[in-house]
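First comes the structure, then the notes that go with it.
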């Protein structure tokens, strides 16, 4: 663990302060230092290297004045990075008194977590925007805003109904009568598939007015040059008047053409990306003036080159998506709200430009083939383990981890506590100490981290989702919470993981009948392999259950279908032991026996992807989500076996008795074998020999003669 200095401020001694709460707090590797009026004239105390330990990370225990520190630090000679941890907000947001031992223990836990958590940088994904923007609208309502944008950007205003448009005198933007059928892409690389809604192509039109004068039905507007198709007789007079400019055409009205842009502002309803979370460079504003102004401001600043992290690591070798054109697991594809993941043969393909780093794909992946790289579970788990140790060492009793995304206000916990007190008519009464942990997204931490945290001694885990997160990820995340709680209940540990919406945060401060887990903190280090992480955590929790609750786990624990553990049932009457399933299994859960005709199974390896079920030509297999604990889960057990079948001619073993008997029953009456059905009981060599030696059969060779 890297040594760290944490500067705390008493805010001139007013109220229950952080420095008072930390009087007797001790965290390994952390030195708490007092800095009065730290965000004002005391800021030099923190910037002065003489007051800091050599080589230590430097933290300020308050986030309220972070901007002040950053601005002063930019102009000072100090080159060390100053980090921030919201110790004051944590104290104020605790259910009990701010000066209570439990609250102080929570502060110790947060300090330990933040000073321990540190990850290596990840590769960057590059975006390039040259400022080409499409404003998509139903009418001309956004013409004024599009003209304003044209002062800084290259703008196309795509209008479905151009009849009311008064074209500006200065041609500083294109006003086009186009409807957008669909859109795809991301910042710097959008493709809009468009159709003409008016015969006049305004990009080619010179606005000379010749068509207006020539129109016999007066169907062409002199302001917008849009043609009223209801009154137009399509005589072709306008086309003739347009001449060589060729700006008018009726024949291509139904053709779809692709147009390329760097950014898109969408004023239509429900929006071009209504079926997914919108990509970078796209703003859906609908009919909102406020959202339009905000989008315009963002768009003007989104020109040039930009980077974002590559959020994921993918190992195709252990991916359970597909084998031999048979689809198995598609959890990540189903969970991705940006449609950044697609099937690509026997693996998946992730578009890093569309990926916004929610991490849901890594949470639902049963094998760990795709993992969250920005803040990996190994680093998160190590920091949580350190935090729990500090919490217990400082007298903490019941600890609740609260995972949330980055779009929460710094004082959200304080606000939730106040709302809970208002609604209850009294102060908060929960007996849990709260440790809020900010994730890149609420869905980026999954069952492997939850179970590991419980094994390290955490008493409850709450995931709080924002409205946007809940809309896209409530279902897949809820399914994972469901099977984890089913497992915990079967172990006698009660349901210890819950999912809350941002409007339900007052539940953090309500009484609970959930007792402390009593789990002795595990000592294992988190593996880089997701399955191994879950295996270690589950084994530790099961050991606790066996020791303290005296539970016997000889029988498997039944789990919901979303669980990544389970067994495979084989219908022995149907199974021919063709072993197609063994070659399809990506986790080596189904294996053959080189010595005997046996289909064997290692339950701990099974990820319930379903590839075996899809591959089996006899429809003889069925998935059973469950968890078998103990050594039996790692043992090879026989699912089906048969005696070897020996060729009736040469005696060589060439298949299983079951397979040959099934084949004989199905094919012996076929016209090809009805006279010599016993050939089905011969090996390939003897079958050919028998065919050529038969006197009463005409061979293919003889037919050709």
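Numbering (the working numbering), first residue to last: 139 to 843.
Backbone N, C-alpha and C fix where the C-beta goes; we use that ideal spot for every residue, glycine too.
- Residue 446 and residue 260 do not touch by the CB rule: their CB atoms are close to 10 Å apart, not below 8 Å.
- Rounded to the nearest angstrom, the Cβ distance from residue 224 to residue 253 is 14 Å, too far for a contact under 8 Å.
- When the beta-carbon positions are compared, residue 756 and residue 714 come within less than 8 Å of each other.
- A buried status is given to residue 579, since no fewer than 16 other beta-carbon atoms sit within 10 Å of its beta-carbon.
- Put simply, the backbone Cα of residue 231 is about 28 Å away from that of residue 586.
- In the DSSP assignment, the residues bridged to residue 783 are 793.
- At the C-beta level, residue 281 and residue 295 come within 8 Å of one another.
- Between residue 527 and residue 166, the alpha-carbon positions lie close to 9 Å from each other.
- The beta carbon of residue 825 sits closer than 7 Å to the beta carbons of 817 from its chain, once the five residues preceding and following it are set aside; these are given in chain order.
- Taking a cut-off of 8 Å on C-beta distances, the stretch 613–621 does not touch the stretch 647–664, as fewer than three cross pairs fall below it.
- One Cα belongs to residue 668, the other to residue 505, and the distance between them is close to 7 Å.
- Membership of residue 536 in any beta strand (DSSP E) is not indicated, and neither H nor E is assigned to it by DSSP.
- For the pair residue 625 and residue 740, the CB atoms are not nearer than the 8 Å cut-off.
- Under the DSSP definition of a beta bridge, residue 292 partners with 270.
- Taken through DSSP and simplified to helix, strand or coil, residue 455 comes out as helix.
- Here residue 276 carries a coil assignment [DSSP, helix/strand/coil].
- Taking all protein chains shown into account, residue 644 has 16 or more neighbouring C-beta atoms within 10 Å of its C-beta and is therefore buried.
- By the C-beta density criterion, residue 555 is buried, having at least 16 other C-beta atoms within 10 angstroms.
- Per DSSP, reduced to three states, the secondary structure at residue 692 is coil, with no helix or strand assignment.
- Cβ contact annotation for residue 744 (same chain, cutoff 6 Å, sequence separation greater than five): 704, 727, in chain order.
- For the 8 Å CB-CB criterion, residue 659 and residue 595 form a contact.
- Every beta strand (DSSP E) stretch that sits fully inside the stretch 497–554 and reaches 3 residues is listed by chain position as 508–510, 537–542.
- Between residue 611 and residue 591, the C-beta gap is not smaller than 8 Å, which leaves the two residues out of contact.
- If one requires a minimum length of 4 residues, the alpha helix (DSSP H) runs lying completely within the stretch 332–388 are 348–352, 375–380, in chain order.
- In this structure, the alpha-carbon of residue 482 lies about 37 Å from that of residue 768.
- Collapsing the DSSP output to three states places residue 824 in a helix.
- Residue pairing by DSSP puts residue 329 in a beta bridge opposite 322, 398.
- Selection 467, 242, 285, 352 evaluated against residue 537 yields 242 as nearest (Cα-Cα).
- Beta-bridge analysis with DSSP links residue 709 to no other residue.
- Under the DSSP definition of a beta bridge, residue 232 lacks any partner.
- Linking residue 664 to residue 520 through their CA atoms gives a straight-line distance of about 7 Å.
- Note that the C-beta distance between residue 648 and residue 568 is below 8 Å.
- Residue 680: not part of any beta strand (DSSP E); member of the alpha helix (DSSP H) spanning 668–686, first to last residue.
- Collapsing the DSSP output to three states places residue 446 in a strand.
- Counting only runs of 3 or more residues that sit fully inside the stretch 609–646, the beta strand (DSSP E) segments are 635–639, in chain order.
- Annotation: the continuous beta strand (DSSP E) that includes residue 196 extends over 195–198.
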